[in-house]
Structures are given as structure tokens and as C-alpha cells.
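J.: Could you have a look at this structure, given as C-alpha cells, before my questions?
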Amino acid sequence: MGINRRQWLGLAFVAAVAPQRAVRAAVEPGSALRGPLYLAARKFGGNYEAVLLTEGGQVLRSVRLSGRGHSFALDSSSGTVVAFARQPGTQAVMFSCDPGKLNEPAQVFHTPQGRHFSGHGAFSADGQLLYAAENDFEAGRGMIGLYRLNPSSGGFDRVGEWASAGIGPHEIILDVKQHRLCVANGGLLTHPDYDKLVLNRDTMQASLAYLDVSNGQMLSRHVLPAHQHQQSIRHVVLDHQQSVWFGCQYQGSRAHQVPLVGYHSGPGPLEWVQADDEIWHAMQHYVGSIAFDPITRVVAASSPVGGVVAYWDAESKTFLAMHDLPDGCGVAPASQGGVIVNSGFGRWAYWRSGMDEPKVIKSDQSVAWDHHLRTL
């Protein structure tokens, strides 16, 4: 009997905490930095890696990881990148995308005892502070771990933590204009002893919380109606009007047809975008990533479970299109408008409004693109 791609990814999984010698960095020969650039996680040749690559799919740098990578925090001013382990991993890897520092070794750091990463993080506007989504799994609390760059060691020192104003924070993004962190609290109570098993499915309550970036104080917290409490808010992105779009993973009955993409503007409630039930059915209760293209003003939401990517107009909130992309999760804005998408079956492709199907830029079945894609 064959195995599917996610089973294949898990076969080579090693402990999330690895000695630093297990982390390597490599710059592919003949490569040169040129924009636009992207960050992605992959499995290649039996190894898990974080990679820096061009829009055309050329890898410029690869950094070995000890297990599956999830997403990235990026300081654009310095080129510093942090690749986070998939939940419930405790390891993160810092490396540089600066042209003059591509051969500098990557550095590993970990959560303290009693915490694990949730796969996402963000840098402060000045690049000196790293905010990391974490789980205080013994107390069942969502936390934002605070890490500061140490000029002496070149690494990170943990300097504190804030409450995330919910359970199970997943994606967090920095809203520079409004001086806040936008936190997708998924509402899922988990413990590493049980991997990713949801322990509170019947009582869970997700939220979208805003925290003051200067002190972590909760500015506001927004939840869905009680009858939608099994919607887990997982991913967030800002659009051109500072509205926060969110993507969900539904934890209720497989027989239900529920919306999965919504937005929040100003002081009002969380709102859903509109789409026919067949769209939500195709997405199979799961949004794996969400992205905004500022040129065409389109929001994209991927579903690796459903094997589709769906699109909405950010202005009107109306549904635009959907196309197949088996095991497609990574999605990020392209340089000339539209989006770059990738998949666990090695596809690297481009889509823009008006196209029936994405244009495949590169296809390599020896590569399994995994989880998120980020634009530098």
C-alpha cells in the first residue's frame, strides 16, 4: 500500500531539540541574490530545510532543520530570519539573508522548559525584539515569548513573555501603523504528551486579540458567536486598509458546511466573507495559509487538505476564483501582482486574477514544500 505525502514527511522526523552541529547552511553555487525573494520550508533528499529562493524557484541558501519547519519571522532591515519548528517543537533557527552574510552559520535557540513554539512569530519594527507564539502547556495558557538580540553572542536571549489573551496562539503579525500585535488564538488546548490532540474540542473558543507592542497589554479581543465556537482562528494577514483577514480550521462535525475566511475592521465584530457552500466544502474545513496581494488587492486562502486555493477581492469581500493545487499550502504575493503558490508535490506556481489555473514555474517531485511561504 502506498503512503501519502504527509506520512512520507513524518517518516524522517527527528527530535525537535537537536545539537547545533545538526544545523547547517549552504549557498548553492553560481547563485546571486536578486529580488524578489521568498522563504519556504521543505523536505529534500531526506532532510528538512528552510530555504531562501527566487521567484523563479532557484534556491539561494538552504539551512538544515532537525524536523519539519513551519513559518518564519523576518526583519527586513537586517535580513535576519527565524525559522520556527512545527508545533509542538521547541527549536527555532536564526540565519541571515543578507548578501554579505549568507555563509555565516545558523544559530539554534529554544523555548524554556514548559513552553513550546506554535510555528509563528514576528519581529518588532526596529528588529531588536522577536515575538514568538508559544504554549504554556501545563497551565493551558497562550503566551507570546519575547527574545532580544544579544550583540555579544549574535543570538537571542529570552527577556520575558506576555499572555496572548487566549488559548493556543498560532499566527501573530505586527501591525506597525497601529502599534499592535494581531494574535490568532486558535482556542485549541493541547499538550506535547499528546502531540497535537485537541483536549477541549467541546468547550474551545478562538479569538482574535490585539496587544500593545510596547507592553503586551490587551487592546481588544474579539470572538465568534457561541454557535461557532469550534471555529479555530489560525492564520491572519493585513490588507491595504488595515483590516485583518483570518483563516480558520473547523473542529466540529465533518457533515457541517461552515465559512472558513473572515475579516475584522475597526471596533466592529468579526465578519465572514461570502462564498457558496461548494467552496467551503472543497476547502474541507481547513485553511492552511492566507496572504494578501497589495497590487491586485486580492486575498488568497489555501487548503492543503482540500487541495485548493481560493481568492477574494479585498475591497468588496466577494469571492473571485478557486483552483486545484493538491497538497498546496504556501502562498505569498508575487512581484508583479498575483501570488506564488507551492505544494507538497514539488510544484512552484504563479496565479493572477483571470487565470483558470496557476502557471507552473517549476516542478520537482523530489521536493516537498511544507507549510508557509513568505516574501522578503
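Residue numbers for the sequence shown follow our numbering, so the first one is 3 and each next one is one higher. Glycine included, C-beta positions come from ideal geometry on N, C-alpha and C.
Can you list, in chain order, the residues of its chain whose CB lies under 6 Å from that of Asn6, leaving out five sequence neighbours each side?
T.: Note on Asn6: pLDDT 43, under 50, position unreliable in the model; no value is reported.
J.: CB-CB under 6 Å to Gly59, same chain, minus the five flanking residues each way: which ones, in chain order?
T.: Trp350, Ile363 and Lys364
J.: Give the secondary structure of Ala134 by DSSP, where H, G and I count as helix, E and B as strand, and everything else as coil.
T.: Here Ala134 sits in strand by DSSP.
J.: Could you compute how far the alpha carbon of Gln2 sits from the alpha carbon of Phe158?
T.: The structure shown does not extend to residue 2, since the chain spans only 3 to 378, so no value can be given for it.
J.: Closest to Gly81 by CA distance: which of Leu67, Gly102 and Val225 is it?
T.: Cα-wise, what sits closest to Gly81 is Gly102.
J.: Extract the residue ranges of the beta strand (DSSP E) inside the segment 24 to 107, only unbroken runs of 3 or more that lie entirely within it.
T.: 27 to 29, 39 to 46, 49 to 56, 61 to 67, 71 to 77, 82 to 87 and 93 to 98
J.: Below 6 Å CB to CB, which residues in the same chain sit around Val263 once its five sequence neighbours on both sides are set aside?
T.: Gly249, Val275 and Ala303
J.: Between Ile281 and Met220, is the Cβ-Cβ spacing less than 8 Å?
T.: no
J.: Could you tell me whether the Cβ atoms of Gly168 and Leu190 are closer together than 8 Å?
T.: no
J.: Going by alpha carbons, who is nearest to His374 out of Ser255, Gly123 and Asp366?
T.: Gly123
J.: Can you name the residues that DSSP bridges to Asp159?
T.: Arg150
J.: Determine which residues share a DSSP beta bridge with Gly377 and list them.
T.: Residue identity differs from the one stated: residue 377 is Thr in this sequence, not Gly. Per DSSP, Tyr40.
J.: Beta-carbon within less than 7 Å of Thr1's beta-carbon, same chain only, minus the 5 sequence neighbours each way: which residues are those?
T.: Outside the shown range of the chain (3 to 378) lies residue 1, about which nothing can therefore be said.
J.: Does DSSP put Ile281 in a helix, a strand or coil?
T.: helix
J.: Quick one, which of Arg223, Asp197 and Pro328 has its alpha-carbon nearest Gly308's?
T.: Pro328
J.: Between which two residues does the beta strand (DSSP E) carrying Asp295 extend?
T.: Unbroken beta strand (DSSP E) run through Asp295: Ser291 to Asp295.
J.: What are the partner residues of Phe248, as DSSP defines its beta bridges?
T.: Phe248 pairs with Val238 and Gly264.
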